[in-house]
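Engineer: I'd like to ask some things about the structure below.
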Amino acid sequence: MIKISVGLLGSIVFGASTFISCASEKKQQDFTVVDTIMTVSDSVVKNKLADTDILINALTLSKNYIDNEVKADKQYKGKVLVVTGVIQEISKGIAGDIYVIFVGANKQRTILCQFNHEDVAATLNKNDIISLRGRCDGLMGSVLMSNCEIDTRATLN
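Structure follows, in structure tokens:
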């Protein structure tokens, strides 16, 4: 009985190690494919946006303002940005201005984008991922962006 158990145990260990080895190789191949796709995607997006001042995602922009407002203002304030992010909210301000608000690095530092196209804003939904192009006006509670419009050049088809 002991010989059978040892033999069975040996078979299980050998089989498991072979499975783990194959799974590990497959996982490495998957990472390589994903890495290649991301590199190509980044390159395509940068080529499409060559005439834009700065391409950045909403979380990074928000975090940069949290980390150092003075430095972030030097980098972004007054410049045209294409910001890609997840929509937290679509709303109207007191004066009737339309705002698309991106999720930020924390609840206090969202990206507040003043949006000029009511018909387009009506088609957007919370949790959509979009790119908006507009001028960064710095920090006033949230990071403010003005004259924003949807920028489809940052969207890969």
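Start counting the sequence shown at 1032; every next residue gets the next number (our numbering). Positions of the beta carbon are idealized from the N, C-alpha and C atoms, including for glycine.
Since Glu-1180 and His-1148 should fall inside the 8 Å C-beta cutoff, what is the C-beta to C-beta distance between them, to a whole number of angstroms?
Structural biologist: 7 Å between Cβ atoms; contact.
Engineer: Between Val-1134, Leu-1170 and Val-1113, which has its C-alpha nearest Ile-1085's C-alpha?
Structural biologist: Among Val-1134, Leu-1170 and Val-1113, the Cα nearest to that of Ile-1085 is on Val-1113.
Engineer: Buried or exposed for Ser-1182, please, with buried defined as at least 16 other CB atoms from any protein chain shown within 10 angstroms of its CB.
Structural biologist: In the sequence as presented, Ser is not what sits at residue 1182; that position holds Asp. Asp-1182 should be labelled buried.
Engineer: Extract the residue ranges of the beta strand (DSSP E) inside the stretch 1103 to 1150, only unbroken runs of 3 or more that lie entirely within it.
Structural biologist: With a minimum length of 3 residues, the continuous beta strand (DSSP E) runs that stay inside the stretch 1103 to 1150 are 1111 to 1123, 1129 to 1133 and 1142 to 1146.
Engineer: Should Cys-1167 and Lys-1108 be called a contact, given that it needs their Cβ atoms to be closer than 7 Å?
Structural biologist: Cβ distance < 7 Å, so Cys-1167 and Lys-1108 count as in contact.
Engineer: For Leu-1170, which of helix, strand or coil comes out of DSSP?
Structural biologist: In this structure, Leu-1170 counts as strand in the three-state DSSP scheme.
Engineer: Report the CB separation of Ser-1173 from Thr-1141 in whole angstroms; it is logged as a contact under 8 Å.
Structural biologist: Indeed they touch by this definition, with Cβ atoms about 5 Å apart.
Engineer: In chain order, what residues of the same chain have a beta carbon less than 8 Å from the beta carbon of Ser-1122, not counting five sequence neighbours either side?
Structural biologist: So the list reads Ile-1129, Tyr-1130 and Ile-1132, once near-sequence residues are dropped.
Engineer: Using the three-state DSSP reduction, which class does Leu-1092 fall into: helix, strand or coil?
Structural biologist: Reduced to three states, the DSSP call for Leu-1092 is helix.
Engineer: Can you list, in chain order, the residues of its chain whose CB lies under 8 Å from that of Lys-1110, leaving out five sequence neighbours each side?
Structural biologist: Closer than 8 Å at Cβ, skipping near neighbours: Asp-1084, Ile-1085, Arg-1166 and Cys-1167.
Engineer: Tell me which same chain residues have a C-beta within less than 6 Å of the C-beta of Ile-1097, skipping the five on either side of it?
Structural biologist: Cβ neighbours of Ile-1097 beyond the five flanking positions: Ala-1136 and Arg-1140.
Engineer: Hey, how far is the Cα of Val-1101 from the Cα of Ile-1118?
Structural biologist: Computed Cα separation, rounded: 26 Å.
Engineer: By DSSP's criteria, Leu-1175 is part of a beta bridge. Which residues make up the other side?
Structural biologist: The partner list for Leu-1175 (beta bridge, DSSP) reads Leu-1143 and Gly-1169.
Engineer: If Gly-1116 and Asn-1088 are in contact, beta carbons under 8 Å, what's the gap, nearest whole angstrom?
Structural biologist: The pair is a contact, with the Cβ atoms about 6 Å apart (cut-off 8 Å).
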